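Following: one structure in structure tokens, then a few remarks.
Number of protein chains: 2
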Amino acid sequence: MKYIEKLRNSGLRPTKQRLKICQVLFDSEKTFHFTVNDLAKKIKIKIDSNISLATIYNTVHAFEKKGYLKQIPINSSQTYFDTNVSDHHHFYDLNNDKLIDLENSDVGPINIKKKINGKKIKSVEVLVKLED
Amino acid sequence: MKYIEKLRNSGLRPTKQRLKICQVLFDSEKTFHFTVNDLAKKIKIKIDSNISLATIYNTVHAFEKKGYLKQIPINSSQTYFDTNVSDHHHFYDLNNDKLIDLENSDVGPINIKKKINGKKIKSVEVLVKLED
DNA sequence: TTTCTACTTTATAATGATTCTAAAAAGGTG
DNA sequence: CACCTTTTTAGAATCATTATAAAGTAGAAA
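Top line first, the protein sequences correspond to chains A and B.
Take the first sequence: its position 1, counting from 1, is numbered 0 in numbering that gives the first Met the number 0, and each next residue is one higher.
Take the second sequence: its position 124, counting from 1, is numbered 123 in numbering that gives the first Met the number 0, and each next residue is one higher.
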């Protein structure tokens with residue numbers, strides 16, 4: 000099945016639970032943003048099965064480390080993840096805590112002129128806060 | 000004293016504790032980044048007095064709401080604040096969890112081309128992740 | 001298939017930052 | 001000073017996340 004490779008690449012055995020998590024994460028047409036709690040609910044609804052939070056955390060973190068998921072840099076009580084792993088940015092609507100993708104092409108090139116000794120840039124992420 | 004106005008502007012009475020917090024936050028030559036825990040330690044060392052965490056949280060949040068402090072958008076178990084409230088950005092060194100200011104002039108203009116219906120932009124923040 | 005071992009899952013406990021609470025203390029106005 | 005409101009504080013509560021350890025499963029090898 001198509002998710003086995005993704006799991007193995009992430010250093011995880013393809014178990015029933017993990018394949019179900021993959022289904023919810025990667026089977027949908029559109030990418031989406033989620034917290035671990037959101038994901039747990041979605042799994043319960045879509046797959047009608049209870050997977051323990053520990054397993055979900057474990058799987059999500061492995062995917063994140065491997066680049067199959069991205070963490071969204073934002074201050075919130077929960078950690079937000081994105082199934083869109085392309086190079087892009089976010090709007091954050093302060094009035095309802097919703098995130099909206101901002102494509103790279105909608106921001107234009109960002110040129111970081113300052114260099115830090117011995118360090119290289121891993122990512123450049125823009126967060127645009129919105130209000131009414 | 001110079002911090003009384005800042006406190007009153009933030010809707011807070013100038014109490015002994017809050018004036019001490021102001022001293023540590025705003026008396027230094029350079030701006031700095033901190034977590035509430037960092038700040039509590041700094042107060043203990045510099046002012047040699049114990050102010051309860053509840054009071055520090057309360058004061059920091061009031062200043063943040065009023066714009067005398069900024070929250071730094073980043074995923075971390077603790078919330079990071081910045082006494083530099085000018086329009087600027089950050090490097091985040093993943094190897095040691097340290098933040099470094101990135102002045103606006105080191106990034107160049109950022110042009111957000113996408114508009115969201117009925118919403119206005121409150122801030123545009125760039126986070127540049129660094130690694131060895 | 002059977003066995004064996006390492007990896008998984010899970011419920012539950014532990015952790016740690018932040019928020020809440022309620023009683024005692026302090027601010028500040030008259 | 002008197003009074004009332006705000007504040008401080010220690011400690012409890014909350015809540016996301018991580019750790020634990022016992023029972024289950026994957027998968028390689030015989």
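Heads up, the beta-carbon is just placed ideally off N, CA and C, and yes, glycines get one too.
As the structure is a prediction and not an experimental result, all values here were calculated from the model.
| Check | Outcome |
| --- | --- |
| CB contact flag (A/VAL106, A/HIS88, <8 angstroms) | yes |
| Contact check, A/ASN42 vs A/LYS19, beta carbons under 8 angstroms | Note that residue 42 of chain A is Ile in the sequence shown here, rather than Asn. Going by C-beta atoms, A/ILE42 is nearer than 8 angstroms to A/LYS19. |
| Three-state secondary structure assigned by DSSP to B/LEU129 | strand |
| Contact belief for A/ILE115 with B/ILE99 at Cβ below 8 angstroms, rounded distance in angstroms | 7 angstroms |
| Interface residues of the region 51 to 75 of chain A facing chain B [CB-CB below 8 angstroms] | GLN70, ILE71, PRO72, ILE73 and ASN74 |
| The alpha helix (DSSP H) enclosing A/ASP37, as first and last residue numbers | 35 to 46 |
| Residues sharing a beta bridge with B/TYR91, DSSP | B/LEU98 and B/LYS128 |
| Beta-carbon neighbours of B/LEU93, restricted to chain A and to distances below 8 angstroms | LYS121 |
| Proximity test, Cβ basis, 8 angstroms: B/PHE31 and chain A | no |
| Segment contact, 8 angstroms Cβ cut-off, at least three pairs: the region 19 to 37 of chain A with the region 77 to 85 of chain A | yes |
| Beta-bridge pairing of A/LYS137 - partner residues as DSSP gives them | Residue coverage of chain A in this structure runs from 0 to 131, which leaves residue 137 of chain A outside it and unanswerable. |
| Members of the region 78 to 107 of chain A that neighbour chain B once the beta carbon cut-off is set at 7 angstroms | THR78, PHE90, ASP92, LEU93, ILE99, LEU101, ASP105, VAL106 and GLY107 |
| DSSP beta-bridge partners of B/LYS112 | Its beta-bridge partners do not exist; DSSP assigns none. |
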